[in-house]
Each structure stands twice: as structure tokens, then as C-alpha cells.
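Right, one structure below, let's go through it.
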Amino acid sequence: MSTRFLLAVILPILVLGCSRPPPPASTATIGSSVDVDGEFARLQASLAREVPGAITDSPETGQRWAALAQRAVAARGQAIRRPQLVMVVDRNPAVQEMRLVLARPSGPWQSLGGTRVSTGQEGRHGYFITPTGVFPHTDAILDWRAEGTFNANGIRGLGLQGMRVWDFGWQTAERGWDADGGTAEIRLLVHATDPDVLEQRLGRPASKGCIRVPGPMNVFLDRHGILDSDYEAAAKADPRYDAVLRPDRTPTPLAGTMLVIVDSAEGLIAAAPSR
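Under full-length UniProt numbering, the residues of the sequence shown are numbered 1 to 275, in order.
Structure representation (C-alpha cells):
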């Protein structure tokens with residue numbers, strides 16, 4: 001990704017952000033006292049309404065996703081000090097799904113629901129295996145938004161114009177085409193994809209290492225600020241972060257910062273390296 005392209009994406013957002021009205025007030029601020037069960041139920045209903053084809057888990061399946069998240073977070077040594085949502089992605093080629101899991105300091109963790117995704121494809125030159133681990137979404141890196149332009153193959157790789165791109169920084173990933181297990185640094189992103197060509201292929205490995213989500217799930221994560229706990233705090237003092245956030249957002253008080261990537265086929269849950 002060139003510096004020129006990034007500037008072209010970010011600068012218009014900054015200009016827009018300086019003139020727009022503040023977002024609607026939420027019923028509770030992040031970190032404040034909140035009716036956790038009530039907010040969980042509200043978000044679950046919103047997910048079903050706003051994301052066509054959203055996956056709702058049986059109690060048994062929900063417990064499996066919650067256990068995957070708990071083991072990964074424990075392996076990282078990450079303390080859960082308040083109820084918060086965690087985005088969990090299973091890169092297992094036979095699964096290729098994500099869930100939003102409510103993590104609690106005490107008591108059972110719960111799956112809110114999720115969607116199909118695509119992670120890194122093996123056996124294709126230039127494509128990397130999405131790394132496992134726990135990756136924080138913090139204000140150390142500025143997110144951006146898709147331009148909605150077509151590439152040389154007629155594909156809008158990041159989805160429609162304005163779709164959010166969550167940036168988790170440089171991470172070490174396996175070369176999917178390298179039989180010797182070679183690795184390289186990739187920019188780990190969560191983003192939408194072309195709604196007319198690639199979105200229908202979600203549910204199988206297809207990306208170059210990033211995590212592709214459906215457009216409606218991209219909007220849901222963005223509008224409700226699921227991973228934006230740090231961003232909301234930073235936006236109060238720094239207009240750059242406010243410019244990235246949606247003007248019509250209604251951030252949930254259960255917002256968190258953690259992307260958890262697991263591989264249920266291998267049982268691999270490795271902590272992301274410190275940076």
C-alpha cells in the first residue's frame with residue numbers, strides 16, 4: 001500500500017470529520033456501569049436485523065466459540081477487567097467463520113453470533129496464511145476507509161467506498177506457497193470485499209492473509225464500535241480518530257479492542273508477539 005494512496009484515502013476523511021456533527025448520545029459510555037445482559041440482547045437483535053445471513057449459535061456451538069476465545073486470551077495473558085466484546089476468527093479451512101464473543105471478568109463467556117469470513121489461502125503465490133494470536137486494535141495505528149475503486153481485475157478489493165478497514169499493524173505470517181515454511185511480514189487488516197464478485201465466496205480461504213467480512217458485518221462492527229474502545233477515548237482529544245469513526249455511530253458500552261484468530265483444526269492458539 002503506497003503512502004500516496006493512504007493520503008488520498010485519509011485526507012478527505014479528515015476534512016469531513018472537522019465539519020460534521022457529533023454522534024448520537026449512547027445510553028451508556030464505554031467503561032461505565034451498564035446492564036450487560038440487556039445490552040447483549042440489544043446487540044444480538046441488531047445483528048439479526050442488520051446483517052442478513054448472520055449466524056446464530058446453538059448453546060453447544062456458542063460454548064465452543066467462547067472456549068476458543070477464553071483459551072486464546074489466557075494464552076496471551078490478557079486480563080479481562082470489564083465485560084467486553086471480542087472478535088474471534090477461526091481460520092480452519094473447514095470453518096472460515098467469525099463470532100463476536102462477550103468476555104466477562106467472571107462468569108460464562110457468550111457468543112453473540114457472527115458470519116462467514118475468508119482468511120489466507122494456501123498454495124497460491126503471494127498469498128499468506130493468516131496468523132493466529134490475539135491482536136489488539138489500539139489508537140497506536142490509524143484506521144482508514146475504502147475508496148471503492150476497481151483494481152486491474154475489476155475487483156473492489158476492500159469493498160464499497162467508505163467501508164471501514166481495521167488495521168492491526170505488521171504481523172509475521174507463513175508464506176502459503178512456501179513448502180519450507182518461510183515467513184514474512186504482512187499488514188493484518190479486517191475489511192469488506194467486493195459485494196458483487198467476492199462476497200459470495202466467503203466461507204473458504206481466499207485472501208492474501210487479511211480477514212474478509214461481509215459488507216453488512218463491516219457496517220455493524222463500525223456503527224456499533226465493537227472494536228473501538230480505544231478509538232472512542234482517543235477521538236475525544238484527537239480529531240484524526242474522530243474523522244475515522246462514523247458520524248452516525250452508536251457505540252456500545254461493551255466495546256473492546258481484541259481480535260482473536262484461532263485454528264480449531266490444529267488447536268493452535270499462539271499469543272501475538274509484543275511490539
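Beta carbons are placed, not taken as given, at the ideal position from N, Cα and C, and that holds for glycine.
Our two residues, A48 and A54, have alpha carbons roughly 6 Å apart in a direct line.
In the assembly as shown, G62 is a buried residue. Its beta-carbon has 16 or more other beta-carbons within 10 Å.
Distance from the Cα of T115 is smallest, within the candidate group R156, M217 and L68, for M217.
Taking the C-beta atoms as reference points, A192 is found no nearer than 7 Å to G225. Within the stretch 143 to 210, complete alpha helix (DSSP H) segments of at least 4 residues are not found at all.
Scanning A67, R82 and L100 for the CA closest to the CA of A75 turns up A67. A straight line joining the alpha-carbon of R164 with that of D230 spans about 16 Å. Secondary structure remark: continuous beta strand (DSSP E) runs of at least 3 residues inside the stretch 26 to 62: none found. Shown here for R201: same chain residues with a beta carbon closer than 8 Å to its own, the five before and five after excluded, namely S118 in chain order.
Per the DSSP secondary-structure output, L102 pairs in a beta bridge with L85 and Q110. Judged by DSSP in its simplified three-state form, V73 adopts helix. Comparing C-alpha distances from A103 to each of A265, V260 and S264 shows the shortest one belongs to V260. D194 and R124 have their alpha carbons spaced roughly 20 Å apart. DSSP places P216 in the uninterrupted alpha helix (DSSP H) bounded by G215 to R223.
Per DSSP, V244 is one residue of the alpha helix (DSSP H) stretching across P239 to V244.
Distance from L142 to F168 at the Cβ level is roughly 12 Å; contact not present, criterion being Cβ atoms closer than 8 Å. Approximately 14 Å separates the beta-carbon atoms of S207 and D90; this is outside 8 Å, ruling out the contact. Around the Cβ of T132, a 10 Å sphere holds 16 or more other Cβ atoms; the residue is buried.
With a threshold of 16 other beta carbon atoms within 10 Å, E185 falls short and is exposed. When secondary structure is reduced to three states using DSSP, S118 falls in the strand class. P105 sits exposed, since fewer than 16 C-beta atoms from the chains shown fall within 10 Å of its C-beta. Bounds of any beta strand (DSSP E) do not take in I141, whose DSSP letter is neither H nor E. Here the stretch 143 to 153 does not lie against the stretch 93 to 100, with fewer than 3 beta-carbon pairs under 8 Å apart.
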